[in-house]
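Everything below concerns the one structure shown next.
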Amino acid sequence: MSALLELDDVSVTLRGPRAHLFAAPTPIRALRQVSLTIAAGETLALVGESGSGKSTLARAITRLVPAAGQARFDGIDILKADRAGMRRVRRGLQMVFQDPYSSLNRRKRIADILMEPLKVHGVGDGAERRRRVEALIAQVGLNTDMLQRFPAALSGGQRQRISIARALALQPQLVICDEAVSALDVSVQAQILNLLGSLKRSYKLAYLFITHDLGVVRRFADRIAVMHAGRIIEVAPANLLFAGPLHPYTRALLSAAPHPSRDRPAPARILLPGEPVSALAEPPGCLFAKRCLHFRPGLCEKSDPPLVTQGANHQVACHRAREGVPAWMDDAATGGLTP
Amino acid sequence: MTTMIAAETRATAGASFEVDGLTVRFSGKTAVDNVSFRVAPGEALGIVGESGSGKSTTAMGAVGLLDPEIAAVEARHVRLDMTDLRGPGAPRAGILGRRIGVVFQNPMVALNPVLTIERQLTDHMRQHLHLDARAARARAIRLLGEVGITDAARRLSFYPFQFSGGMLQRITIAMALACDPELLIADEPTTALDATVQAEVVDLILSIRRSRGLSLIWITHDLALLNRVADRVAVMYAGRLVEIGPADVLLDHPAHPYAAGLLASVQSLWTGEGAEFLTIEGAPPPNGPEMPGCAFAPRCPRVFDRCATRPPMASTPADAAHGVACWLFDPKVQA
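Protein sequence lines correspond, in order, to chains X and Z.
Going by full-length UniProt numbering, the first residue of the first sequence is number 1, and it counts up by one from there.
Going by full-length UniProt numbering, the first residue of the second sequence is number 1, and it counts up by one from there.
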């Protein structure tokens, strides 16, 4: 299966704070050599805590921040593409943002919001566009009465449906959903996930689904990539990652998620010592080493572990995980578990 | 050793907290409609609901934290132990911040960015407890230690921007505890934090509650979290209390169709099979509880003719301590 989106060593460096007024800004390495592929029709979830670089990755792919490295979408090198190339990319690659209140223009009617991408890309004539807009609104489960309304008259869930309809207007192959359901209430969240799922099946859409909420990705994603301090530290099919996470950080992250069932005893929680690593940190070794329960002196602080394949579809960036049979995985032995 | 610690942190037993018939209106529009509940001494009540359901407004209205310019609050009574917080001549000032501590959702907003941590921690101690600067400082250092902030003496002179979000939330918890409250209200205290930090802050609040014997009201939209924090759970929908009962009963077998739907949709994210997630169709009424019948009726899969009139809160057949506001559980309807 050939990749629809292929990232190769994509890095983003932002300007950080200055030590004093006339000092040069400290560089923040928001994204550190990220390599990743998404196949056509695949849902890849990107999880991680705030500041780990999830949204920066989405912004690098859509060229909203300058990035180094190579990012190929459908054969086009996004990071070097000219205007015409970017127009082609944008037809195939659309984005849905977190907050449906600020991502829709409140002065435009829904019909005009959905019409805009069609106009910009010169799709069809007026009648054809109107027909398309009516089809779009039906696709996302809303009534055509909605078209004459303004965003203020819609609920949060309805607005997010409009954002999705707008993203679908140009019949893209890949939709980046940046925390697209995080701002919604639980019962509405599930409605939007069902909508995204059925659209995926009907149109063979691929999603890059960015979220901090592990509960949402477990069933929705085909594969999951875990980010930490600007790096991807683990990638695996969803069921494999939940069943046997290899990176010590992933293990702590999964253990921290509350589980909504009382039938089974809550699994022991892995407690990480210290505070999350600063985006300004530039240690020579593993960025997680300071908090890691399985830190080994002489190994982990020497070099940054590369992302390597471990088992059939499982990739992990951890020196200890490469040692083979993960006997070290006994978190209890480190004393880092809740009693 | 043990006696020293006991003497250091005075064990304050929790107080009971009783709200009867609380209604809150914002410029004539009802946000909270006739809500009543009781928290027993030392008990943890979780209030759960979706955004706009009135869960925060209920707690903030009960303790007098809503701006009287914009919110009209009515209640038959609100009592902390025997003290009526709302009656004529109620000693409102001095209760909040002293006998009731509040932890808010976003510590970056709750703290003043231009004052040091010391100033923010000691101000109300000095006012409520009449401590001098040295005694207040010593108490602040001890409190920061209690909430897990190391090197507290030095960090007292720091400003909020010098701490991470999780550390700031620990500081606001220390502030809420400063005057040994008997009731702690935590309003989505972990929602603004990252998953691993969230779990740490939950642990911290629970261990403080145990060691101090505090009564606790925990407001959240996260049903899964209540598994860990609540003895009893109250479910709100569109400004009304629709179900209240012991956490282990309610989270296993919710009676109200809304509570059941909410639990099913959360659980289907984790444990369901197949391509579809379970949902509740539709959306909450945009105008809150301003309807004569049950507010959930338009979305309810089990709606019937009686639902056009508003259901009273009644005990479920299985458990007298488990109340539900739904006609399905009315003894006359079931007979």
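Don't be surprised by glycine CBs; every beta carbon is placed ideally from N, CA and C.
Computed from a predicted model, the values in this text were never measured in an experiment.
(1) Is the stretch 35-46 of chain X in contact with the stretch 4-13 of chain X, if contact means three or more CB pairs nearer than 8 Å?
(2) What are the residues of the stretch 79-110 of chain X that lie near chain Z, defined by any Cβ-Cβ distance shorter than 8 Å?
(3) Give the secondary structure of residue 315 of chain X by DSSP, where H, G and I count as helix, E and B as strand, and everything else as coil.
(4) Could you pull out every residue in the same chain whose Cβ sits closer than 8 Å to the Cβ of residue 86 of chain X, ignoring the five residues on either side in sequence?
(5) Report buried or exposed for residue 70 of chain Z, applying the criterion of at least 16 other Cβ atoms within 10 angstroms of its Cβ.
(6) At 4 residues or longer, what runs of the alpha helix (DSSP H) sit wholly inside the stretch 36-69 of chain X?
(7) By the 10 Å Cβ neighbour count, where 16 or more other Cβ atoms means buried, how is residue 157 of chain Z classified, buried or exposed?
(8) Return the residue from the list Z/199, Z/124, Z/273, Z/204 that minimises the CA-CA distance to residue 145 of chain Z.
(9) Using a Cβ-Cβ distance cut-off of 8 Å, determine whether residue 112 of chain X contacts chain Z.
(10) Using the Cα positions of residue 192 of chain Z and residue 163 of chain Z, report the straight-line distance between them to the nearest angstrom.
(11) May I have a chain-ordered list of the alpha helix (DSSP H) segments no shorter than 4 residues that lie completely inside the stretch 126-193 of chain Z?
(12) 8 Å is my cut-off, CB to CB: does residue 157 of chain X come that close to chain Z?
(13) Roughly how many angstroms separate the alpha carbons of residue 118 of chain Z and residue 129 of chain Z, rounded to a whole number?
(14) Is DSSP giving residue 99 of chain Z helix, strand or coil here?
(15) Are the stretch 172-184 of chain X and the stretch 230-246 of chain Z touching by the rule of at least three beta carbon pairs closer than 8 Å?
(16) Comparing C-alpha positions only, which one of X/10, X/49, X/221, X/18 sits nearest to residue 194 of chain Z?
(17) Have a look at Z/299, Z/305, Z/329, Z/303 and flag the residue whose alpha-carbon is nearest the alpha-carbon of residue 312 of chain Z.
(18) Tell me the rounded alpha-carbon separation between residue 186 of chain Z and residue 104 of chain Z.
(19) At the level of alpha carbons, what is the spacing between residue 177 of chain X and residue 44 of chain X?
(20) Using C-beta distances below 6 Å, list every residue in its chain close to residue 113 of chain Z, excluding the 5 sequence neighbours before and after it, in chain order.
(21) Using the DSSP secondary-structure output, state which residues sit across from residue 218 of chain Z in a beta bridge.
(22) For residue 229 of chain X, I'd like the list of residues in its chain whose CB is within less than 6 Å of its CB, leaving aside the five on either flank, ordered along the chain.
(23) Can residue 277 of chain Z and residue 190 of chain X be called in contact, C-beta distance under 8 Å?
(24) Output, in chain order, the set of chain Z residues within a Cβ distance shorter than 7 Å of residue 239 of chain X.
(25) Would you call the CB atoms of residue 183 of chain Z and residue 62 of chain Z closer than 8 Å?
(26) Give me the chain Z residues within the contact set of residue 143 of chain X, using Cβ-Cβ distance strictly less than 8 Å, ordered along the chain.
(27) By DSSP, does residue 195 of chain Z sit in helix, in strand, or in coil?
(28) CB-CB under 8 Å to residue 247 of chain Z, same chain, minus the five flanking residues each way: which ones, in chain order?
(29) Let's see if you can read the secondary structure: which residues bound the alpha helix (DSSP H) around residue 270 of chain X?
(30) Count the C-beta pairs between the stretch 316-326 of chain Z and the stretch 251-270 of chain Z that are closer than 8 Å, then say yes if the count reaches three, no if not.
(31) Let me check one thing: in DSSP terms, what residues is residue 237 of chain Z bridge-paired to?
(32) For residue 100 of chain X, count the other beta carbons within 10 Å of its own beta carbon; 16 or more makes it buried, fewer makes it exposed. Which is it?
(33) Flag this pair as touching only if the stretch 218-228 of chain X and the stretch 289-307 of chain X have three or more C-beta atom pairs under 8 Å; answer yes or no.
(34) From Z/37, Z/154, Z/298, pick the residue whose C-alpha is nearest to that of residue 245 of chain Z; which is it?
(35) Name the residues in the stretch 30-62 of chain X whose C-beta lies less than 7 Å from a C-beta of chain Z; which are they?
(36) Could you have a look at residue 335 of chain Z and say whether DSSP puts it in helix, strand or coil?
In short, the structure shows the following:
(1) yes
(2) none
(3) As a position in the first sequence, residue 315 of chain X is number 315, starting the count at 1. In the three-state DSSP reduction, residue 315 of chain X falls in the strand class (E or B).
(4) Numbered from its first residue, the first sequence carries residue 86 of chain X at position 86. Closer than 8 Å at the Cβ level, and outside the excluded window around residue 86 of chain X, lie 63, 78.
(5) Working through the second sequence from its first residue, we reach residue 70 of chain Z at position 70. By the 10 Å Cβ count, residue 70 of chain Z comes out exposed.
(6) 54-61
(7) If you number the second sequence from 1, residue 157 of chain Z lands on position 157. The residue is exposed, with fewer than 16 neighbouring Cβ atoms inside 10 Å.
(8) As a first step, residue 145 of chain Z is located in the second sequence; it is residue number 145 there, counting from the start. Answer by Cα proximity: Z/204.
(9) Position 112 of the first sequence, counted from the start, is the residue given in the question as residue 112 of chain X. No, no contact with chain Z.
(10) As a first step, residue 192 of chain Z must be located in the second sequence, where it is residue number 192. As a first step, residue 163 of chain Z must be located in the second sequence, where it is residue number 163. Their Cα atoms are separated by approximately 15 Å.
(11) 133-146, 152-155, 165-177
(12) For the purposes of this step, residue 157 of chain X is identified with residue 157 of the first sequence, where counting begins at 1. Output row for residue 157 of chain X: interface = yes.
(13) One-based indexing of the second sequence puts residue 118 of chain Z at position 118. One-based indexing of the second sequence puts residue 129 of chain Z at position 129. Their Cα atoms are separated by approximately 16 Å.
(14) Translated into positions along the second sequence, residue 99 of chain Z becomes position 99. Residue 99 of chain Z falls in the coil class under three-state DSSP.
(15) no
(16) One-based indexing of the second sequence puts residue 194 of chain Z at position 194. It is X/49 whose Cα lies nearest to the Cα of residue 194 of chain Z.
(17) Within the second sequence, numbered from 1, the residue matching residue 312 of chain Z stands at position 312. Closest option to residue 312 of chain Z, Cα to Cα, is Z/329.
(18) Sequence index remark: in the second sequence, residue 186 of chain Z carries index 186 (1-based). Sequence index remark: in the second sequence, residue 104 of chain Z carries index 104 (1-based). Rounded to the nearest angstrom, the two C-alpha atoms are 6 Å apart.
(19) Mapped onto the first sequence, residue 177 of chain X falls at position 177. Mapped onto the first sequence, residue 44 of chain X falls at position 44. Spanning the two alpha carbons is a distance of roughly 10 Å.
(20) On the second sequence, residue 113 of chain Z is found 113 positions in, with the first residue counted as 1. Once the five neighbours on either side are set aside, the close Cβ partners of residue 113 of chain Z are 160.
(21) Taking the second sequence and counting its residues from 1, one reaches residue 218 of chain Z at position 218. Answer by DSSP bridge pairing, in chain order: Z/46, Z/186.
(22) One-based indexing of the first sequence puts residue 229 of chain X at position 229. Contacts found: 277, 287.
(23) Within the second sequence, residue 277 of chain Z is the residue found at index 277, counting from 1. Within the first sequence, residue 190 of chain X is the residue found at index 190, counting from 1. Contact flag set, yes.
(24) Along the first sequence, read from residue 1 onward, the residue named residue 239 of chain X stands at position 239. Correct list: empty, because the minimum Cβ distance to chain Z is about 12 Å.
(25) As a position in the second sequence, residue 183 of chain Z is number 183, starting the count at 1. As a position in the second sequence, residue 62 of chain Z is number 62, starting the count at 1. Their beta carbons are not under 8 Å apart, which means residue 183 of chain Z does not touch residue 62 of chain Z by this criterion.
(26) Working through the first sequence from its first residue, we reach residue 143 of chain X at position 143. Chain Z residues near residue 143 of chain X: none, gap ~13 Å exceeds 8 Å.
(27) Position 195 of the second sequence, counting from 1, holds the residue named residue 195 of chain Z. Here residue 195 of chain Z sits in helix by DSSP.
(28) In the second sequence, the residue the question calls residue 247 of chain Z occupies position 247. Only 46, 226, 227, 230, 231, 232, 233 meet the Cβ criterion.
(29) By one-based count along the first sequence, residue 270 of chain X stands at place 270. No alpha helix (DSSP H) contains residue 270 of chain X, which DSSP labels as neither H nor E.
(30) yes
(31) One-based indexing of the second sequence puts residue 237 of chain Z at position 237. DSSP links residue 237 of chain Z through a beta bridge to Z/240.
(32) If you number the first sequence from 1, residue 100 of chain X lands on position 100. Residue 100 of chain X is buried by the Cβ-count criterion.
(33) no
(34) Counted from its first residue, the second sequence places residue 245 of chain Z at position 245. Measuring from the Cα of residue 245 of chain Z, the nearest candidate turns out to be Z/37.
(35) 49, 50
(36) Counted from its first residue, the second sequence places residue 335 of chain Z at position 335. Unreliable placement is indicated for residue 335 of chain Z, whose pLDDT of 45 sits below 50; no coordinate value is reported for it.
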